[in-house]
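Undergrad:
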Amino acid sequence: QVQFVESGGGLVQPGGSLRLSCAASSTIFSTLNMAWYRQAPGKQRELVAAITPRHGTNYVDSVQGRFTISRDNAKNTVYLQMNSLSPEDTALYYCNIPGRESTWGQGTLVTVSS
């Protein structure tokens with residue numbers, strides 16, 4: 001089982017930015033598709049961004065143009081740069097392997113509020 005440790009969340013004002021990090025315990029990280037998910041209060045968890053081993057990316061429409069997913073295979077880490085944040089982005093953010101989800105980490109809380 002791959003383990004994930006997410007970090008970088010916090011309280012930010014609307015229009016602000018945050019950069020999330022996710023460290024994965026995997027010897028084959030560089031071969032894995034990776035994704036960021038979020039779960040807002042009272043809502044189901046949704047996938048918001050994904051990245052292939054060769055850095056191809058996909059985003060859900062609601063974050064397209066505002067969020068950027070990236071990875072550093074040497075550090076077994078995937079990142080999510082979030083810009084132009086709005087209150088609708090408030091959620092617990094997690095990373096995992098899309099389609100082959102392993103045990104979920106604790107996530108990192110992002111709160112967008114004035």
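Once you know that position 104 of the sequence shown is 104 in the working numbering, the rest is easy, because the numbers rise by one and skip nothing. Even glycine gets a Cβ: it sits at the ideal position worked out from N, Cα and C. The structure presented is a predicted model; accordingly, all values stated were derived computationally and were not measured.
Judging by CA-CA distance, which residue of L11, N96 and S114 is the nearest neighbour of F4?
TA: Closest by alpha carbon: N96.
Undergrad: Pairing CB atoms from the stretch 106-114 with CB atoms from the stretch 7-21, are three or more of them under 8 angstroms?
TA: The stretch 106-114 vs the stretch 7-21: in contact.
Undergrad: How many whole angstroms separate the CB atoms of T103 and Q1, which I take to be in contact at a CB cut-off of 8 angstroms?
TA: Confirmed, about 5 angstroms.
Undergrad: In this structure, what does DSSP give as the bridge partners for A49?
TA: Bridge partners of A49: W36 and Y59.
Undergrad: Please name the residue, chosen from N83, V78, D89 and S84, that lies closest to A24 on a Cα-to-Cα basis.
TA: Looking at the Cα atoms, V78 is the closest of the given residues.
Undergrad: Going by DSSP, which residues form a beta bridge with D72?
TA: Paired residues: T77.
Undergrad: From P98 to I69, what does the alpha carbon distance come to, in whole angstroms?
TA: The alpha-carbon atoms of P98 and I69 are separated by roughly 14 angstroms.
Undergrad: Could you pull the DSSP bridge partners for A7 from this structure?
TA: Correcting the residue type first, residue 7 is Ser in the shown sequence and not Ala. Paired residues: S21.
Undergrad: When you compare the CB positions of R71 and N83, do they come within less than 8 angstroms of one another, or not?
TA: In this structure, N83 does not lie closer than 8 angstroms to R71 by Cβ.
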